[in-house]
Structure formats: C-alpha cells, structure tokens
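Top line first, the protein sequences correspond to chains A and B.
Going by the numbering used here, the first sequence opens with residue 1, and the numbers climb by one from there.
Going by the numbering used here, the second sequence opens with residue 1001, and the numbers climb by one from there.
2 protein chains.
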Amino acid sequence: MGLITSPRNARVANALALRTRAGRRDSLRFLVEGPGPVREALRARVVVELFRDPSATGEVAEAAAAAEAASVPVRDVTPPVLAKLAATVSPRGPVAVCDRVDVPIDRLEPGRGVVVVLVEIRDPGNLGAVIRSADAAGAAGVVVSDASVDVYNEKVVRASAGSLFHVPIVRRGRIADIATSLRDRGCALYAAAADGESNVFEARAARPVALFLGNEAHGLAPEVRASMDGSLRVPMRGGAESLNLAAAAAVMLFALARRGGKV
Amino acid sequence: MGLITSPRNARVANALALRTRAGRRDSLRFLVEGPGPVREALRARVVVELFRDPSATGEVAEAAAAAEAASVPVRDVTPPVLAKLAATVSPRGPVAVCDRVDVPIDRLEPGRGVVVVLVEIRDPGNLGAVIRSADAAGAAGVVVSDASVDVYNEKVVRASAGSLFHVPIVRRGRIADIATSLRDRGCALYAAAADGESNVFEARAARPVALFLGNEAHGLAPEVRASMDGSLRVPMRGGAESLNLAAAAAVMLFALARRGGKV
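What follows is the structure, encoded as structure tokens:
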C-alpha cells in the first residue's frame, strides 16, 4: 500500500474519530502513541492497525517492525498526517489503533493485591499516574466509576506509560454496584481520606483491600464513606492538609503492598 | 482607594509582570491565587498587596479581611481585571503579590527530616506535587537545581497547595555545590532510581538523607549518581518499569519519614 498523504483518507479519518470520547465509545477502540506504549499494546495483542512515518528510524521503526511481525497492518503516512493523528506537540509516532482492554469486575482477583476504586476522578494525569502506580505496586486491578474521566483519553493513556496494558482495568459502574461486587468477592472496603481512622502503615486485618479514592476537590461522598468497613490515612507531619490524589494513592498502594495487599 | 477598572493601572501592570519568569526575577516577587493559598501566604507574612473583586463573598471576602487585619493593602478590581491577573480559567480570586520565600541552603536543618533535591525537573505539576508531599512527610527542605522549572511558576504554586509556605525551599545552584553543602552538613546522599541498589523500605543507616531525584525523562546523570553514597529504589511488582516522578518521591519520602528521615 502506498503512502497516505491526506487526513481525509478513510482509514485516517476513522482513526482521527478516536481522538474524541464519542468516537471511542462508538468503535470500542482507542489510540496509543509512541514506541514504548505501542510496544506494550503489541505485547497485549490489542493493536489492530498502526500508522507510522516510514522515514522514522530507531525505536519508531522497531515498533513498526514488531507490528509487522505480529501481522498488524502498518500504514505509511506523511509527517503532517501523523501530526493530525497524534496528541503530542512534536510527534514521532507511531500511532496505534487498539481494542479496548477493560474487563468485567468479576474478572478481578482481589487475593493478588489491592483493588483501587476511583470515584469521580477528573484529572487525566492523575488517573494515568494511579494506573501506573497500581501496576508498579502489584495491585489486583483499578476500577473507575461513572462520572470519571475516560480511561481511554489520550492523556490518561500517555500518563499510564504502558501500565494500562498490565493491570486489569474495570470501567464504569455505579459505586453501590462496585461496592457490592467487591464485598461479595471477599474484599474489605476502605476509604482513603486525609482524616482516615487508621494509619495505612499500621492498619492490620486479614482480608484483601479495596481502596476507594474520591474526587480531587471534594473526596468521597459522606454516604459512600459511611458504607465502607473503615478509612485509611497517610500520616501527615508538616503543614499540608492533604496530598495530591496520585501521591496519596501511590503511598497507600506501596504501604499496603508490603503486607500482601491486606489490612 | 476606588475600584480599579483598567489592566493598564500601574499597580495592576506591575503585578501582571509577575506572570512571566523575567518579571518575577526582576522584582523578587510572585503571585498567589485563591483563598486557601492566599491564607497560607498571609500566615507566612509574605503578602505585600492583594487584589480582589469587592463583590466576591465567602472565602474570598474572608481572605481579603484577613489581609486587611494584617495591614496588607487590598486593591479592589473589576472581574475583567481580576481575570487578567489570575492564571486560572474561572478565577474567583483573590490574587496576592508575595515576596519570595526561598532560603539559603545553610538554613536547612537536615536532622529534622529528609532533604529532597530535584535536578532538572521540568513539569510544574510534578514540582508542586513534590513540594506538597515533602511538606506532608515532614521533610527538612526541598532544593531545586538550576535548569529546573521556576519554583514561583503559577502552576507550581497552585500544585503545591500552600506547601510552598510550609517547607523550606532552596532554589538554584549547581548540583556539585548542592552535594558538597549537604555532605558538609552531615547528609548521606542518595539517588532515587528505578534500579537503585537498596529497597527504600529496608535500607538502614544512621545519617540524615538527602534524596536526589532526576529529570522526568532521563533521570540523574550517571556522573551525578556515581558521586552519591548509594541509590534507593521503590520495589516494583507489576509490569511497570518506573513510577511517575511525583509518585516515586511521595512513596520514598513517606518510607523514609517512618525512620526519622534516615537510612
């Protein structure tokens, strides 16, 4: 196939639609950009099509070769077409069209580690960073509630640095349903809160933890928190009233991971 | 004094210059926005002038009243003038002109906690989040090297959520000079690295720690790392190769804080 020079090319136009939430919802696909994340997507066997600048060398060319070796169609595009497909300012590519990776909540295995539940999280950088930390801490999964930023938003994908393909992700769902499902599967439900009852470094119990983190500005709703088995805090020493959501999640996930994901 | 209606008003123009790095460098002042951060700035006694929309109520009015009580000049401006001064999209104000808060490196007290050293950090959100985590973990200070984002950048100030006024900040300086100064003051110098020699949760020693974190993309230069006393890692379990810089800093700072800031 020849070089695609127009953003109005049908394949390019279909991929461009994935830059919007509506386009991702309709096609059940999303975009992944850059050699590292594309490599992780190829390992996860979810890449359906790859766009690259054929004059690119190094890591970009290696990612395209890996796609070809996996029988993924590789489309050659001009740098201006690549720039349209990419979300970054100075894109090197490649850009991959991927099938969604999220799983139903009953596929999670809470015994393997903490389940992180994000409620109405709004900042894509925060969501991506929490997915990355959850992966690194060996979490059993990340559940993202309704009214949160889209897991497949390009900034979330970028901030997750490939971890979107490593840790099981459950998307959408009402908080009450998520809570019931996780409780049925043996989890103890804990709210992360600046004024939590138990120091996350010292809390002790025997069940796998589901850790609920609320919205960046106003945290978890009081009724959600009241329905939990307890609440955990990061012990604060200085003058700060709270931590950034992604920082709090990272500290708690690694503290809990040291006890096998249980409190 | 009456209501200021023009952004060309001399006081407003002087404050507007603080939206640029050059303007902050020339005047040794910076801007702080929003009731919470302004309250912290007032507590730190660094506010020299406050701009507010006199029709604003609630927290904004309370912050302005606190400024007046502290004999800080309060300037009434129209909403369009406030919007010019503010960095946020829907500003409520108030906006405070503040004197810088950074201190010389010899003012740090390493025995009180970890000293964080940030080398060529580029993302303002990361720098602000690290300052906030350092405050919350009771760190002895944050040192920001040359070639890093400006500590007084509006995004750094916002992301620090007031912690810029709680934890001692040292800005600028060559890495070699920073290292020498901290070593002279009894610190053991450790590099934070994904492949660090020692697990940060298990490392043991008797001296206060200075924890060096490198640039988001390429970490610490090999020669900087080679000059340290050792390196620390966050133990990784999943498929992630590394953590987001702010997440890694938070996990390490709280792990070290549990041992009094020593390894």
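Glycine included, each C-beta is placed from N, C-alpha and C at the ideal position.
Once DSSP output is grouped into helix, strand and coil, what is the label at residue i?
{"i": "Leu82 (chain A)", "result": "helix"}
{"i": "Val263 (chain A)", "result": "In this prediction, Val263 (chain A) scores a pLDDT of 49, lower than 50, which makes its location untrustworthy; the coordinate-derived value is nonetheless stated afterwards. Reduced to three states, the DSSP call for Val263 (chain A) is coil."}
{"i": "Asp1026 (chain B)", "result": "helix"}
{"i": "Val95 (chain A)", "result": "strand"}
{"i": "Asn1215 (chain B)", "result": "strand"}
{"i": "Asp1146 (chain B)", "result": "coil"}
{"i": "Leu1108 (chain B)", "result": "coil"}
{"i": "Asn9 (chain A)", "result": "coil"}
{"i": "Ile178 (chain A)", "result": "helix"}
{"i": "Ala46 (chain A)", "result": "The question names Ala, but residue 46 (chain A) is Val in the sequence shown. Reduced to three states, the DSSP call for Val46 (chain A) is coil."}
{"i": "Asn199 (chain A)", "result": "strand"}
{"i": "Val1115 (chain B)", "result": "strand"}
{"i": "Val1032 (chain B)", "result": "strand"}
{"i": "Val1151 (chain B)", "result": "coil"}
{"i": "Ala1210 (chain B)", "result": "strand"}
{"i": "Arg287 (chain A)", "result": "What the structure shows of chain A is the stretch from 1 to 263, and residue 287 (chain A) is not part of that stretch, so it cannot be assessed."}
{"i": "Arg52 (chain A)", "result": "strand"}
{"i": "Ala15 (chain A)", "result": "helix"}
{"i": "Thr20 (chain A)", "result": "coil"}
For a contact meaning CB atoms closer than 9 Å, what does residue i contact in chain A?
{"i": "Ala1140 (chain B)", "result": "Neighbours of Ala1140 (chain B) on chain A: none; closest Cβ ~10 Å, over 9 Å."}
{"i": "Gly1125 (chain B)", "result": "Gly125, Asn244"}
{"i": "Ala1217 (chain B)", "result": "Under the 9 Å cutoff, chain A gives no residues; its nearest Cβ is about 11 Å from Ala1217 (chain B)."}
If the cut is a Cβ gap below 8 Å, which residues of chain A does residue i touch?
{"i": "Arg1258 (chain B)", "result": "Phe201"}
{"i": "Arg1132 (chain B)", "result": "Ala240, Leu243, Asn244, Ala247"}
{"i": "Asp1229 (chain B)", "result": "Going along chain A, no residue has its Cβ under 8 Å from Asp1229 (chain B), so there is no contact; the nearest lies around 23 Å."}
{"i": "Ala1010 (chain B)", "result": "Chain A residues near Ala1010 (chain B): none, gap ~35 Å exceeds 8 Å."}
What residue range does the beta strand (DSSP E) around residue i cover?
{"i": "Ser231 (chain A)", "result": "230-233"}
{"i": "Arg1171 (chain B)", "result": "1169-1171"}
{"i": "Arg75 (chain A)", "result": "74-76"}
{"i": "Ala192 (chain A)", "result": "188-192"}
Along the alpha helix (DSSP H) that carries residue i, what are the first and last residues, could you check?
{"i": "Gly125 (chain A)", "result": "124-136"}
{"i": "Glu68 (chain A)", "result": "58-69"}
{"i": "Val38 (chain A)", "result": "35-43"}
{"i": "Leu164 (chain A)", "result": "Neither: Leu164 (chain A) is in no alpha helix (DSSP H) and is coded neither H nor E."}
{"i": "Leu1256 (chain B)", "result": "1245-1257"}
{"i": "Arg1225 (chain B)", "result": "1222-1226"}
With residue i and residue j assumed to form a contact (beta carbons below 8 Å), what rounded beta-carbon distance in angstroms separates them?
{"i": "Ser145 (chain A)", "j": "Leu118 (chain A)", "result": "6 Å"}
{"i": "Pro54 (chain A)", "j": "Leu3 (chain A)", "result": "7 Å"}
{"i": "Asn126 (chain A)", "j": "Glu216 (chain A)", "result": "7 Å"}
{"i": "Pro1035 (chain B)", "j": "Val1157 (chain B)", "result": "Rounded, the Cβ-Cβ distance is 14 Å, inconsistent with contact."}
{"i": "Ala248 (chain A)", "j": "Val114 (chain A)", "result": "The Cβ separation is near 13 Å, so there is no contact."}
{"i": "Ser1148 (chain B)", "j": "Gly1196 (chain B)", "result": "Not confirmed; about 21 Å, so no contact."}
{"i": "Asp1076 (chain B)", "j": "Arg1052 (chain B)", "result": "7 Å"}
{"i": "Ile169 (chain A)", "j": "Val209 (chain A)", "result": "So it is not a contact: roughly 18 Å between Cβ atoms."}
{"i": "Val1101 (chain B)", "j": "Ala1139 (chain B)", "result": "Their Cβ separation, rounded to whole angstroms, is 15 Å, which puts Val1101 (chain B) and Ala1139 (chain B) out of contact at 8 Å."}
{"i": "Asn1244 (chain B)", "j": "Ala246 (chain A)", "result": "7 Å"}
{"i": "Leu1211 (chain B)", "j": "Val1116 (chain B)", "result": "5 Å"}
Since residue i meets chain B, which of its residues come closer than 8 Å, beta carbon to beta carbon?
{"i": "Asp195 (chain A)", "result": "The contacting residues do not exist; Asp195 (chain A) stays about 13 Å from chain B at best."}
{"i": "Ala86 (chain A)", "result": "What Ala86 (chain A) touches in chain B: nothing, since even the nearest Cβ is about 18 Å away."}
{"i": "Ala210 (chain A)", "result": "By Cβ distance, chain B contributes nothing, its closest Cβ being about 18 Å from Ala210 (chain A), past 8 Å."}
{"i": "Asp135 (chain A)", "result": "Gly1238, Gly1239, Ala1240"}
Which chain B residues sit within Cβ distance under 9 Å of residue i?
{"i": "Ala66 (chain A)", "result": "Residues of chain B passing the Cβ test: none, with the nearest at roughly 17 Å."}
{"i": "Ala206 (chain A)", "result": "Under the 9 Å cutoff, chain B gives no residues; its nearest Cβ is about 20 Å from Ala206 (chain A)."}
{"i": "Ala129 (chain A)", "result": "Leu1243, Asn1244, Ala1246, Ala1247"}
Against residue i, what residues of chain A qualify as contacts under a CB-to-CB distance less than 7 Å, listed in chain order?
{"i": "Ala1063 (chain B)", "result": "Result: empty, since nearest Cβ-Cβ is about 16 Å, beyond 7 Å."}
{"i": "Ala1015 (chain B)", "result": "Ordered by position in chain A, no residue passes the 7 Å Cβ test against Ala1015 (chain B), which lies about 26 Å from the chain."}
{"i": "Asp1026 (chain B)", "result": "The contacting residues do not exist; Asp1026 (chain B) stays about 29 Å from chain A at best."}
Let me check you understand the geometry: is the CB of residue i closer than 7 Å to at least one non-hydrogen atom of the ligand MN?
{"i": "Gly1093 (chain B)", "result": "You won't find the ligand MN in this model; it holds no ligand whatsoever."}
Next item on the list: Report the residues of the stretch 1234-1255 of chain B with a CB closer than 9 Å to any CB of chain A, ordered along the chain.
Entry: Val1234, Pro1235, Met1236, Arg1237, Gly1238, Gly1239, Ala1240, Glu1241, Ser1242, Leu1243, Asn1244, Ala1246, Ala1247, Ala1248, Ala1249, Ala1250, Val1251, Leu1253, Phe1254, Ala1255
Notebook entry, point to check: Of all the residues that make up the stretch 159-180 of chain A, which are near chain B by a beta-carbon distance shorter than 8 Å?
Noted result: Ala159, Ala161, Gly162, Ser163, Phe165, His166, Val167
Item checked: Contact set between the stretch 1096-1118 of chain B and chain A, restricted to residues whose Cβ is under 8 Å from the partner -> Gly1113
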